[in-house]
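In the working numbering, the protein residues as written are 18 to 584.
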């Protein structure tokens, strides 16, 4: 069954029917402000950290799936239609559309729905380096007679802490505060400690709603909200419960006439700062167009760094557009948020992010340097590192994976080869030590608060400590201990009481690779003694692996605590 196609000219993936087997998501924004949007406008937004700075709600693994989102309802003034209101994004109403199209582009999405010769096209994007997003709707009357209709927008706020929002309803249901004033709906908490989310509309609304229950009604859902059904907003505020942003507008379009409605959602430090955040974009359609053009130019600048031409056009499209796009998106959010990663359980992975830099260092070297600087700040003075951390709080995970720290060597060496920025090696970066100790490989799984650094060192020292930790933490065969796990997160081999620690051949081989990289680097920066040490350590580790882990045809994967081989 065909659901869509690549548009080579526009560099967009075009989805031509809404009922895809699973929501087809795109990513909006960059490392500052981001979100996901599905092909039917489901999804949510967050300010740098989807756990602690979530701005819109999204209910994972729920029925119906992919709810809520950035929705618009259209209600015809005439009651002749058997389904008097519909959504141009198909969801959440699921009324029949005469035409549907979603175009997932590079950092933006466009969703168009046509019903009874009334067209509505939604554009969703985050302007570069902004802490807000733009939802622009264009309506066109394709009829031979005038069209009279109402629109109702809908977005459901999250009280910032997504974990608390799910698990501590006694708290989160008491703190919401949402109100309307002069074309803006504001949302914050009664304590006003997390900032102020806002939604601005370009036209003075006919009405508004800030309270979810008033808009949706009892025993209903987003698919049949009471306010849309009755044809009038309730002009409600929310002083607890569940805050939303909904504006209603009335439209009259002559045949062939078009109209625009622009909604701007974002985050500001407080309600007094909202006007400043909105100033460049509010009531300025030219700036909206310029911002979209700037976004496209940024992506073109990234993609032009590498161009591949082969006899296979689809292969070229993958290598020249979609692979780089996926790599940059993964670099931005490191698997933090997706359709199955809720943005709560895990943060930015140390290993993952080191690997992610390899895919974008040729196009975003400055961003890679910034990311490596932050990652190396999550390394302990012993040489190992957090497995992951949350960007907003810097809280980290002391699970004790045995491979994380080694990936920093590969990532930094690749950055140096790409840029020649040897001065980076001298940059002083703090270590993430703890008064109670770093945990280290084999430590118990625990999420801890952000660490207090007790020492610091240059980047080159960080790399040296990473490999020295690997060399020192070995098992009975002289191979690195596996700890909680290695690169395979599911390979959890317990250290049984009174028996030897399990070992990972894969980590030993990874260690060999990093030792060769460091030896080459040390030689290049005129540290011959270090180069000799690393080459000798490599030779010794490689010999142990070949003598103990090679069976003549294959390398074994690991040793369990009782000496049993794995793989």
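Don't be surprised by glycine CBs; every beta carbon is placed ideally from N, CA and C.
Residues near residue i in its chain [Cβ-Cβ closer than 6 Å; skip 5 each side]
i           : result
residue 609 : Because the chain in this structure spans residues 18 to 584, residue 609 falls outside the shown range and cannot be described.
residue 122 : 29
residue 509 : 502
residue 584 : 573 and 574
residue 242 : 232 and 233
residue 311 : 145
residue 285 : 213, 291 and 294
residue 240 : 109 and 110
Cβ neighbour criterion (16 or more within 10 Å) applied to residue i
i           : result
residue 407 : buried
residue 418 : buried
residue 51  : buried
residue 106 : buried
residue 165 : exposed
residue 158 : buried
residue 542 : exposed
residue 162 : exposed
residue 580 : exposed
residue 453 : Bear in mind that the predicted position of residue 453 carries a pLDDT of just 32, short of 50, making it unreliable; the figure below should be weighed with that in mind. Residue 453 is exposed by the Cβ-count criterion.
residue 152 : buried
residue 168 : buried
residue 596 : As shown, the chain starts at 18 and ends at 584. That puts residue 596 outside it, with no answer to give.
residue 341 : buried
residue 458 : For residue 458, the pLDDT reaches just 39, beneath the cut-off of 50, and the residue's location in the model is therefore unreliable, although a value from the coordinates is still provided. Its Cβ being crowded by 16 or more others within 10 Å, residue 458 is buried.
residue 480 : buried
Extent of the continuous beta strand (DSSP E) run through residue i
i           : result
residue 247 : Where residue 247 is concerned, there is no enclosing beta strand (DSSP E), although the alpha helix (DSSP H) it sits in stretches over 243-247.
residue 43  : 43-46
residue 308 : That residue, residue 308, is in no beta strand (DSSP E); its alpha helix (DSSP H) goes 302-320.
residue 90  : 88-93
residue 52  : 51-54
residue 125 : 125-132
residue 22  : 21-24
residue 120 : 116-121
residue 72  : 71-73
residue 33  : Unbroken run through residue 33: none, as it is neither H nor E.
residue 382 : First-last for residue 382: 382-393, but that is the alpha helix (DSSP H), not the beta strand (DSSP E).
Spatial neighbours of residue i in its chain, beta-carbon cut-off 8 Å, leaving aside the 5 residues before and after
i           : result
residue 196 : 202, 203, 227, 254 and 255
residue 511 : 519 and 578
residue 330 : 25
residue 532 : 484, 551, 552, 554, 555 and 558
residue 447 : 394, 470, 472 and 473
N- and C-terminal bounds of the alpha helix (DSSP H) containing residue i
i           : result
residue 233 : 229-233
residue 431 : 421-436
residue 408 : Premise fails: residue 408 is in no alpha helix (DSSP H) and is neither H nor E.
Neighbour flag for residue i against chain C, beta carbons, 8 Å
i           : result
residue 313 : No chain C is present in this structure, which holds just one protein chain.
Residues near residue i by beta carbon distance below 7 Å, same chain, minus five either side
i           : result
residue 547 : 539
residue 37  : 20 and 56
residue 527 : 420 and 423
residue 23  : 30 and 334
Closer than 7 Å: residue i CB and nearest the ligand GTP heavy atom
i           : result
residue 260 : Only the bare structure without any ligand can be found here, which leaves the ligand GTP out of the picture.
Of all the beta strand (DSSP E) runs that stay within the bounds of the segment 136-224, which reach a length of 3 or more residues? Listed in chain order, the beta strand (DSSP E) elements of length 3 or more contained wholly in the segment 136-224 are 149-158, 164-177, 193-198, 201-206 and 213-218.
Does the segment 65-72 touch the segment 357-367, meaning 3 or more C-beta pairs lie closer than 8 Å? Flag = yes, the segment 357-367 and the segment 65-72 touch.
May I have a chain-ordered list of the alpha helix (DSSP H) segments no shorter than 4 residues that lie completely inside the segment 337-373? Whole alpha helix (DSSP H) segments, 4+ residues: 340-350.
Would you call the segment 418-433 and the segment 371-391 touching, i.e. three or more CB-CB distances under 8 Å? Inter-segment contact for the segment 418-433 and the segment 371-391 is present: three or more beta-carbon pairs are separated by less than 8 Å.
Threshold first: 3 residues or longer. Then list the beta strand (DSSP E) segments lying entirely within the segment 250-286, N to C. Those beta strand (DSSP E) runs which fall completely within the segment 250-286 and span 3+ residues are 260-270 and 275-285.
Residue ranges of each beta strand (DSSP E) within the segment 488-550, 3 or longer: Listed in chain order, the beta strand (DSSP E) elements of length 3 or more contained wholly in the segment 488-550 amount to none.
Does the pairing of the segment 135-145 with the segment 299-311 give three or more beta-carbon distances under 8 Å? In short, these stretches touch, since the Cβ pair count reaches three.
Segment contact flag, the segment 172-182 with the segment 202-221, C-beta cutoff 8 Å, min 3 pairs: Short answer: they touch.
Can you find at least 3 beta carbon pairs, one from the segment 271-284 and one from the segment 240-259, that sit closer than 8 Å? Put simply, the segment 271-284 does not touch the segment 240-259. Fewer than three CB pairs are less than 8 Å apart.
Is the number of C-beta pairs between the segment 341-355 and the segment 181-191 that are closer than 8 Å three or more? At 8 Å Cβ cutoff, the stretches do not touch.
Could you tell me whether the segment 264-273 touches the segment 284-295, using the rule of 3 or more Cβ pairs below 8 Å? Contact fails: fewer than three Cβ-Cβ distances are below 8 Å.
With contact counted as at least three CB pairs below 8 Å, one residue from each stretch, are the segment 392-408 and the segment 337-347 in contact? Under the Cβ criterion (8 Å, minimum of three pairs), the segment 392-408 does not count as touching the segment 337-347.
Quick check: the segment 114-121 against the segment 78-97, are at least 3 beta-carbon pairs closer than 8 Å? As far as the Cβ criterion goes, the segment 78-97 does not touch the segment 114-121, which means the pair count is below three.
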